[in-house]
Amino acid sequence: MSRIAYVNGRYLPHRQACVHIEDRGFQFADGVYEVIAVKGGGFVDETPHLARLHRSLGELRIAPPMSDAALKAVMRETVRRNRVVDGIIYIQITRGAAPRDFSFPPGARPSLIMTARTQRPLDPKIIERGVRVVTVPDIRWARPDIKSVALLPNALGKQHAREAGAYEAWQVDRDGNVTEGTSSNAWIVTAKDEIVTRQADHAILNGVTRLGVLKVAGDAGLKLVERPFSVDEAKAAREAFLTSTTNFVVPIVRIDDATVGEGKPGEVARRLRALYTSFALEGVAR
Ligand code: PMP
Numbered sequence: 002m003s004r005i006a007y008v009n010g011r012y013l014p015h016r017q018a019c020v021h022i023e024d025r026g027f028q029f030a031d032g033v034y035e036v037i038a039v040k041g042g043g044f045v046d047e048t049p050h051l052a053r054l055h056r057s058l059g060e061l062r063i064a065p066p067m068s069d070a071a072l073k074a075v076m077r078e079t080v081r082r083n084r085v086v087d088g089i090i091y092i093q094i095t096r097g098a099a100p101r102d103f104s105f106p107p108g109a110r111p112s113l114i115m116t117a118r119t120q121r122p123l124d125p126k127i128i129e130r131g132v133r134v135v136t137v138p139d140i141r142w143a144r145p146d147i148k149s150v151a152l153l154p155n156a157l158g159k160q161h162a163r164e165a166g167a168y169e170a171w172q173v174d175r176d177g178n179v180t181e182g183t184s185s186n187a188w189i190v191t192a193k194d195e196i197v198t199r200q201a202d203h204a205i206l207n208g209v210t211r212l213g214v215l216k217v218a219g220d221a222g223l224k225l226v227e228r229p230f231s232v233d234e235a236k237a238a239r240e241a242f243l244t245s246t247t248n249f250v251v252p253i254v255r256i257d258d259a260t261v262g263e264g265k266p267g268e269v270a271r272r273l274r275a276l277y278t279s280f281a282l283e284g285v286a287r
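Put into structure tokens, the structure is as follows:
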């Protein structure tokens, strides 16, 4: 079965699905995106993902190409046409196609693209063993809180991790503090049992999974602190883990060449994974 993409009003096989060469997404990375997990044919955390999409669009002054009701209908149709039960959907919106010029084109209509694909959950063995992350300098622009399609530093960081045999790269700011992963948020658990993740300022993407984990952890009465933490603090932490739409909560057992805690997934990460998974599945939107 060939995969079907939604492109500016049409559902097309991927081979025929095209954007204009002067699309500003292609020329300038002038666009934003969202990735939403599909579970049992429904959307995980749909409302906060669409809220973040609107925030990203608003920060870049790109007009939404259609109403949320229409967007949701296209999301459902894209998932249906690709027969996705468990997987992910990508939604990308750019400022549109216009003759090349940095300043905003007056008449451009935003481009909307959606693709969906089946994706198996992460191998349970990986969750049981935990993963390794390596650290890289954070070389991104100053607004990674906007979910823009300008992802070159993220791609370079992930490739570095792959070549080092690691699962993810943690990006580190000039003060030696971890900002976030290339496609995930970063967390540690301290010796005082505090769950620490960086505050959602301009330096990180405020992950929807991050928000969900903060909620379930708060509801469970766990101690939460939103503040920066350094690479050294993370290496000496009791536990470390990462969160993302695609794999929820993933325990980390090594940072560069340092073993975290006892070198196996910690209790807090295990518990938060279970709590967030139930929360996410209960809230699936159909
Ligand atoms: N940070 C970055 C840079 C990301 O790309 C992602 C994945 N979208 C995340 C954090 C995690 O965000 P979410 O939980 O919304 O997937």
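In case it helps, our numbering puts the sequence shown at residues 2 to 287. We put the CB at the ideal spot given by N, CA and C, even for glycine.
Review point. What do you reckon, is the C-beta of Arg-211 under 7 Å from a heavy atom of the ligand PMP?
Key: Result yes, Cβ under 7 Å from the ligand PMP.
Review point. Apart from the five residues just before and just after Tyr-7, which ones in its own chain have a Cβ nearer than 6 Å to its Cβ?
Key: Closer than 6 Å at Cβ, skipping near neighbours: Val-75, Thr-79, Met-115.
Review point. Just curious, the beta strand (DSSP E) that Glu-227 is in, first and last residue?
Key: First-last of the beta strand (DSSP E) with Glu-227: 224-227.
Check your understanding: If you drop the 5 nearest sequence neighbours on each side, which residues of the same chain put their C-beta closer than 7 Å to that of Ala-165?
Key -> Cβ neighbours of Ala-165 within its own chain (closer than 7 Å, five residues either side excluded): Val-135.
Check your understanding: According to the Cβ coordinates, are Val-254 and Val-261 closer than 8 Å?
Key -> Closer than 8 Å, so yes.
Check your understanding: Would the C-beta of Ser-185 count as close to the ligand PMP, meaning under 7 Å from any of its heavy atoms?
Key -> Inclusion of Ser-185 in the 7 Å shell around the ligand PMP follows from its C-beta lying nearer than that to a non-hydrogen atom of the ligand.
Check your understanding: Which residues bound the beta strand (DSSP E) around Ser-245?
Key -> 240-245 is the span of the beta strand (DSSP E), which, as asked, contains Ser-245.
Review point. Using a threshold of 7 Å, is the CB atom of Pro-122 nearer than that to any non-hydrogen atom of the ligand PMP?
Key: Not one heavy atom of the ligand PMP lies closer than 7 Å to the C-beta of Pro-122.
Exercise for review: List the whole-angstrom C-beta distance separating Lys-236 from Ala-218, where the pair is believed to meet the contact cut-off of C-beta under 8 Å.
Suggested key: Contact doesn't hold; Cβ gap of about 22 Å is too wide.
Point to revise | Ala-162 classed as buried or exposed, judged by whether at least 16 other C-beta atoms fall within 10 angstroms | key: So Ala-162 ends up on the buried side.
Practice item. Under 8 Å by Cβ, that's how I've got Lys-265 and Gly-131 pegged, so tell me the actual separation to the nearest angstrom. Key: Yes, Lys-265 and Gly-131 are in contact; Cβ-Cβ is about 6 Å, under 8 Å.
Check your understanding: Does the Cβ-Cβ distance between Ala-117 and Pro-106 come in under 8 Å?
Key -> Against a cut-off of 8 Å, the Cβ pair of Pro-106 and Ala-117 comes out as no contact.
Check your understanding: If Val-150 sits next to Gln-93, beta carbons under 8 Å apart, how far is it from one beta carbon to the other, in whole angstroms?
Key -> Going by Cβ atoms, the distance from Val-150 to Gln-93 rounds to 6 Å, so yes, they are a contact pair.
Practice item. Please specify which runs of the beta strand (DSSP E), each continuous and at least 3 residues long, are wholly inside the stretch 73-133, giving them in chain order. Key: Taking only runs of at least 3 residues, the beta strand (DSSP E) segments lying wholly in the stretch 73-133 are 88-95, 112-119.
Exercise for review: Kindly identify the DSSP beta-bridge partner or partners of Trp-171.
Suggested key: In the DSSP output, where bridge partners are listed per residue, Trp-171 has Thr-136, Gly-182.
Review point. Which partner residues of Glu-195 appear in the DSSP bridge assignment?
Key: Glu-195 is bridged to Lys-224.
Practice item. Using 7 Å as the cut-off, classify the Cβ of Asn-248 as near or not near the heavy atoms of the ligand PMP, replying yes or no. Key: False, no ligand heavy atom lies under 7 Å from that Cβ.
Exercise for review: Identify which residue in Glu-227, Phe-29, Glu-129, Ile-90 has its Cα closest to the Cα of Asn-207.
Suggested key: Answer by Cα proximity: Glu-227.
Practice item. Check Asp-1 in the structure and name its three-state DSSP category. Key: There is no way to answer for residue 1, as the model of the chain reaches only from 2 to 287.
Practice item. Please classify Pro-145: is it buried, with 16 or more other beta-carbons within 10 angstroms of its beta-carbon, or exposed? Key: By the C-beta density criterion, Pro-145 is buried, having at least 16 other C-beta atoms within 10 angstroms.
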